[in-house]
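Chemist: Here it is, the structure in full.
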Amino acid sequence: CFCPRPCHLSLAPVCSDGAGPSCGFSVCAPAFHAGLSLLCSLPGPAHLFRLSGKCFSLVESTYKYEFCPFHNVTQHEQTFRWNAYSGILGIWHEWEISNNTFRGMWMRDGDSCRSRSRQSKVELTCGKSNRLAHVSEPSTCVYALTFETPLVCHPHSLLVYPALPPSLQRRWDRAEQDLADELITAQGYDKLLRALFEDAGYLKTPQESESVPEGGAKVPAFQTLEDCSEAHRQMAKELRRLKSVLTQHGIPHTRPAETSSSEHMDPKTPTDGTAEQLRGDPGLRGNTL
């Protein structure tokens, strides 16, 4: 039996096979384990995990927005145009935490929008039912969603400390005591909490939060020349493999002829803005909702 970190749910045994369950369940239920592993990979208050796997939609103006907790936010233009816009406004990334409270869900690394990626912040508020209540775009490519749910109506429902496993709660207690004893500064205390939230999976590390450049993959950072050389060798090996595959299928892979500078200056070439329009409506501009 296993209990995937950072999960610390208390579950009843599902069978008895003499193996002696830990974490409250037994090794004789692989399907149950698979589901629990997925459940335990979700960081945050355990009572919100029941929202995982569900989606909630809202139609504003000519757009349909869909929020899938712990998954993504999407936007679909409601029109009969052949090139109606449909895209991702963000993928589950991390929580926003302040004053020992989960303030909202950040969905980042959505579809490209000019020189950046779309992102969304989802605020959880108390409501009689689970529903996506409001969507706006306070700044270009950044969306604000309000999701109502009875799961956050209790005044302690979004507190961070109770959601932590005991080991991280003890770390927080030590940090509090060190701050009270003036062994660390307020800035040092904030850094300790930040590291604690990262270990819990509530926040991404700065390295994990690096955004991907427009139209390309994340540029790797090499610590030594040897690391760079090894990466170059691996890329060259992969290039040879891909060329071999293309050759086997009779697909030419020679480099295309370079375009002259005069062709680059051809006024008939569409601008970046035109190209974006040809791909479909890029989405709402400003707070037009």
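Using UniProt numbering, read the sequence shown as starting at 1 and increasing by one per residue. All C-beta atoms in this analysis are idealised placements derived from N, C-alpha and C, irrespective of residue type, glycine included.
#1: Using 10 angstroms around the beta-carbon of residue 162, count the other beta-carbons present and answer buried if the total reaches 16, otherwise exposed.
#2: Is residue 183 buried or exposed, if buried means 16 or more other CB atoms sit within 10 Å of its CB?
#3: What does the alpha-carbon distance come out to for the pair residue 124 and residue 175?
#4: Below 8 angstroms, how does it come out for the stretch 63-73 and the stretch 46-53: are there three or more Cβ pairs, yes or no?
#5: Taking residue 143 and residue 120 to be in contact with their CB atoms under 8 angstroms, please state how far apart those CB atoms are, rounded to whole angstroms.
#6: Does residue 105 pass the burial test, meaning 16 or more other C-beta atoms within 10 Å, or should it be called exposed?
#7: Using 10 angstroms around the beta-carbon of residue 240, count the other beta-carbons present and answer buried if the total reaches 16, otherwise exposed.
#8: Do you know offhand how far residue 60's Cα is from residue 79's?
#9: What is the DSSP secondary structure of residue 49, counted as helix, strand or coil?
#10: For the pair the stretch 191-207 and the stretch 88-103, tell me if three or more CB-CB distances fall below 8 angstroms.
#11: Starting from residue 82, trace the beta strand (DSSP E) in both directions and tell me its first and last residue.
#12: Helix, strand or coil, according to DSSP, for residue 117 in the structure here?
#13: Quick one: what does DSSP say residue 129 is sitting in, helix, strand or coil?
#14: With C-beta atoms as the reference, is residue 155 less than 8 angstroms away from residue 129?
#15: Following the continuous beta strand (DSSP E) through residue 191, name the residue where it begins and the one where it ends.
#16: Counting along the chain, where does the alpha helix (DSSP H) carrying residue 57 start and finish?
#17: Which of the three DSSP states is assigned to residue 169 in this structure?
#18: Leaving out the 5 sequence neighbours to the left and right, which residues in its chain are closer than 8 angstroms to residue 107 when beta-carbon positions are compared?
#19: Bridge partners for residue 103 per DSSP, in chain order?
#20: Please state whether the Cβ-Cβ distance between residue 145 and residue 160 is less than 8 angstroms.
#21: Let me check understanding here. Comparing Cα to Cα, which of 173, 254, 114 lies closest to residue 139?
#22: Could you give the distance in angstroms between the alpha-carbon of residue 99 and the alpha-carbon of residue 190?
#23: Is residue 48 buried or exposed, if buried means 16 or more other CB atoms sit within 10 Å of its CB?
Modeler: Taking the geometry as given:
#1: exposed
#2: exposed
#3: 28 angstroms
#4: yes
#5: 4 angstroms
#6: Counting Cβ neighbours within 10 Å, residue 105 comes out buried, since at least 16 surround it.
#7: exposed
#8: A direct Cα-to-Cα measurement between residue 60 and residue 79 gives close to 13 angstroms.
#9: Residue 49: helix per DSSP, three-state reduction.
#10: Note that the stretch 191-207 touches the stretch 88-103; at least 3 beta-carbon pairs, one per stretch, sit closer than 8 angstroms.
#11: No beta strand (DSSP E) holds residue 82; DSSP gives it neither H nor E.
#12: strand
#13: Per DSSP, reduced to three states, the secondary structure at residue 129 is coil, with no helix or strand assignment.
#14: no
#15: Unbroken run through residue 191 is the alpha helix (DSSP H), 186-200; no beta strand (DSSP E).
#16: Segment 56-60 is the beta strand (DSSP E) holding residue 57; no alpha helix (DSSP H) there.
#17: Helix, per DSSP.
#18: 72, 73, 89, 90, 91, 92, 93, 119, 120, 121, 122
#19: None, per the DSSP bridge assignment.
#20: no
#21: 114
#22: 11 angstroms
#23: Classification for residue 48: buried.
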